[in-house]
Every structure is written in structure tokens, then in C-alpha cells.
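Worksheet for the structure shown next.
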Amino acid sequence: MPKPVWKAQIFPVDLQQKIKHMEELIRKVILSESEAIKNIPVSPAFSDAIEIIFKHVHEKKGKLVASGMGKAGQIAENIATTFSSTGTPAVFLHPSDSQHGDLGVVQENDVLLLISNSGKTREIIELVSLSGELYPGLPLIVISGNPESELAKNADVFIFTGNPAEVCPLGLTPTTSTTAMTVIGDALVVGMMTKIGFTSRDYAKRHHGGYLGDKSRSQAGTEFSK
């Protein structure tokens with residue numbers, strides 16, 4: 001009696017087609033976001049923003065106050081924490097909480113970094129007005145996809161994302177736009193690190209724990225007390 005021939009279980013044809021379609025979709029998303037990054041306009045605004053932050057934070061001993069609503073707010077918080085970990089003191093201020101007392105974190109030598117893809121976010125526009133009443137003349141850096149917006153026009157420095165189309169199939173969910181915002185934030189952070197000569201030793205002093213703490217101490221050839 002012949003032995004049965006066992007064949008490896010293969011996905012059904014319809015499932016294979018769905019997997020292939022999904023892989024094509026994912027590839028398209030990645031390529032679309034990559035193109036959006038490549039198309040971010042590199043302008044003097046980047047250098048201007050770095051100079052303003054340097055002057056107010058490193059020379060006048062103020063801080064960077066980043067804010068945004070929703071997904072843009074999450075990007076703003078990431079930018080703030082990345083600046084802080086690399087030698088430029090920064091905080092995230094939630095625009096809604098700012099109207100309930102948290103605006104008190106803002107001081108006269110601070111710099112505002114506001115992020116809004118539309119440039120029309122009500123809470124952000126109100127934050128500009130409220131902070132201006134508290135400390136007139138606070139420098140304002142805006143990252144947005146709308147150069148014609150009120151927010152952009154009132155900025156001391158406006159950084160344009162390029163206003164890329166969202167890869168979300170509905171064209172609504174912040175996806176490509178938040179990727180562009182993140183990259184712009186990274187560019188500002190790296191530019192500032194270069195300007196102030198931030199070193200591995202400096203990093204280790206601020207990031208003691210985890211793998212990055214060990215790596216930075218190793219690079220600096222320095223051991224810190226645990």
C-alpha cells in the first residue's frame with residue numbers, strides 16, 4: 001500500500017491574493033510617505049528656527065514650549081522630549097489645559113513651537129492669543145501644511161510641511177502629515193545638537209537608564225554612579 005504524500009499546507013488562492021494585495025498596499029503607503037519626506041521644502045526657515053531657539057533657550061535661559069492638538073500634539077510632545085534629552089530644555093503644553101491654568105508654565109524668555117496641519121486649529125489659535133497677553137512678543141515658530149492660514153501668517157518663523165496628501169484611504173486620518181512633522185522636528189533637533197556641540201557625555205548625563213544610557217556612557221568612555 002503506497003504511503004500518503006503529505007504536502008505543505010498552502011494558503012488558499014483567495015487568501016494569497018488578499019495577502020498580495022495587502023503587501024502592495026503597505027508598499028504603496030511606505031513609498032508615499034517616503035516621497036512626502038523628500039518633498040518637504042528645505043528653506044532658511046529651518047536655520048531661522050534654530051537661531052531663535054538657541055537665542056532664547058541657550059542664551060536667555062528660557063525654554064521651548066511645544067504644543068499641538070490631537071495627533072499633531074503627540075508629535076509636538078515627542079519633539080519637546082527629544083529636545084530636552086539632547087540639551088535644549090523643552091516642555092509640552094496641551095492647548096486645552098493651557099486655558100485651565102497650565103499657561104502658567106510659559107515664561108518671558110520662552111519660545112513657542114506650535115504644530116497644526118490646517119493652521120486653523122481653534123485651541124492653538126487661542127493659545128497664541130492667550131500667551132501673547134501673558135508675555136507680549138513671545139517668538140512663535142509654526143509647523144503647518146497651510147501657509148495661508150492665520151497661524152502661519154502670524155508666525156515669526158513658518159516651516160512648511162509641503163502639505164502632503166494623507167495615505168489614509170479616507171484622506172482624513174493624520175498619517176503622512178504627521179510623518180512630515182516628525183521629520184521636521186528631527187531636523188531641528190539635530191541642527192541644534194550640532195550648533196551647541198552636544199556630546200555622548202552630555203547625552204549620558206540626561207539619559208542614564210536603559211540601553212541608550214549604557215551606549216552613551218560607553219561612547220563617552222565615562223562611568224556614572226548608578
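In terms of UniProt numbering, the sequence shown opens at residue 1 and continues consecutively.
Cβ coordinates follow ideal geometry from the N, Cα and C atoms, glycine included.
Under 8 Å between C-beta atoms of residue i and residue j
{"i": "Lys-63", "j": "Pro-89", "result": "yes"}
{"i": "Ser-67", "j": "Leu-31", "result": "no"}
{"i": "Gly-185", "j": "Asn-163", "result": "no"}
{"i": "Val-167", "j": "Glu-33", "result": "yes"}
{"i": "Gly-213", "j": "Ala-204", "result": "yes"}
{"i": "Val-65", "j": "Val-128", "result": "no"}
{"i": "residue 295", "j": "Gln-99", "result": "There is no way to answer for residue 295, as the model of the chain reaches only from 1 to 226."}
{"i": "Ile-124", "j": "Leu-114", "result": "yes"}
{"i": "Ile-141", "j": "Ala-49", "result": "yes"}
Whole-angstrom distance between residue j and residue i, CA atom to CA atom
{"i": "Ile-53", "j": "Pro-44", "result": "14 Å"}
{"i": "Val-57", "j": "Glu-24", "result": "46 Å"}
{"i": "Gly-70", "j": "Ala-155", "result": "21 Å"}
{"i": "Pro-139", "j": "Gln-219", "result": "36 Å"}
{"i": "Ile-75", "j": "Glu-35", "result": "20 Å"}
{"i": "Val-5", "j": "Lys-28", "result": "Note on Val-5: pLDDT 43, under 50, position unreliable in the model; the coordinate value appears next. About 40 Å."}
{"i": "Gly-87", "j": "Asp-202", "result": "7 Å"}
{"i": "Phe-11", "j": "Thr-178", "result": "Residue confidence for Phe-11 is low, a pLDDT of 48 falling below 50, so the modelled location carries little weight; the figure read from the coordinates is stated next. Going from the Cα of Phe-11 to the Cα of Thr-178 covers about 36 Å."}
{"i": "Lys-60", "j": "Asn-109", "result": "6 Å"}
{"i": "Gly-221", "j": "Thr-194", "result": "20 Å"}
{"i": "Pro-136", "j": "Gly-104", "result": "14 Å"}
{"i": "Pro-95", "j": "Ser-116", "result": "11 Å"}
{"i": "Thr-173", "j": "Gln-107", "result": "34 Å"}
{"i": "His-21", "j": "Lys-38", "result": "26 Å"}
{"i": "Gln-17", "j": "Ile-79", "result": "40 Å"}
{"i": "Arg-122", "j": "Gly-101", "result": "18 Å"}
Limits of the alpha helix (DSSP H) - the one that residue i falls within
{"i": "Ile-53", "result": "44–53"}
{"i": "Ala-155", "result": "Counting along the chain, Ala-155 falls outside any alpha helix (DSSP H), and DSSP gives it neither H nor E."}
Expected contact under 8 Å - CB spacing of residue i and residue j to nearest Å
{"i": "Met-192", "j": "Ile-143", "result": "With a Cβ gap of about 15 Å, Met-192 and Ile-143 do not count as contacting."}
{"i": "Ser-85", "j": "Ser-118", "result": "Incorrect: roughly 29 Å between the Cβ atoms, too far for contact."}
{"i": "Phe-83", "j": "Val-189", "result": "6 Å"}
{"i": "Val-183", "j": "Ile-26", "result": "At roughly 20 Å, the Cβ-Cβ gap does not stay under 8 Å, so Val-183 and Ile-26 are not in contact."}
{"i": "Ala-152", "j": "Phe-158", "result": "5 Å"}
Of the residues the options, the one placed nearest residue i, counting alpha carbons only
{"i": "Ser-131", "options": "Asp-97, Phe-160, Ile-159, Phe-158", "result": "Asp-97"}
{"i": "Thr-175", "options": "Thr-194, Ile-196, Ala-72", "result": "Ala-72"}
{"i": "Arg-206", "options": "Arg-217, Gly-197, Ile-196", "result": "Arg-217"}
{"i": "Thr-161", "options": "Gly-104, Lys-60, Val-106, Pro-147", "result": "Pro-147"}
{"i": "Ala-187", "options": "His-208, Arg-122, Val-42", "result": "Val-42"}
Endpoints, beta strand (DSSP E) assigned at residue i
{"i": "Phe-83", "result": "Note, Phe-83: premise wrong, no beta strand (DSSP E); alpha helix (DSSP H) at 71–85."}
{"i": "Ala-90", "result": "90–92"}
{"i": "residue 233", "result": "In this structure the chain extends from 1 to 226, so residue 233 is not present and cannot be described."}
{"i": "Ile-40", "result": "Where Ile-40 is concerned, there is no enclosing beta strand (DSSP E), given that its DSSP letter is neither H nor E."}
{"i": "Val-111", "result": "111–115"}
{"i": "Val-167", "result": "Note, Val-167: premise wrong, no beta strand (DSSP E); not H, not E."}
{"i": "Leu-140", "result": "140–144"}
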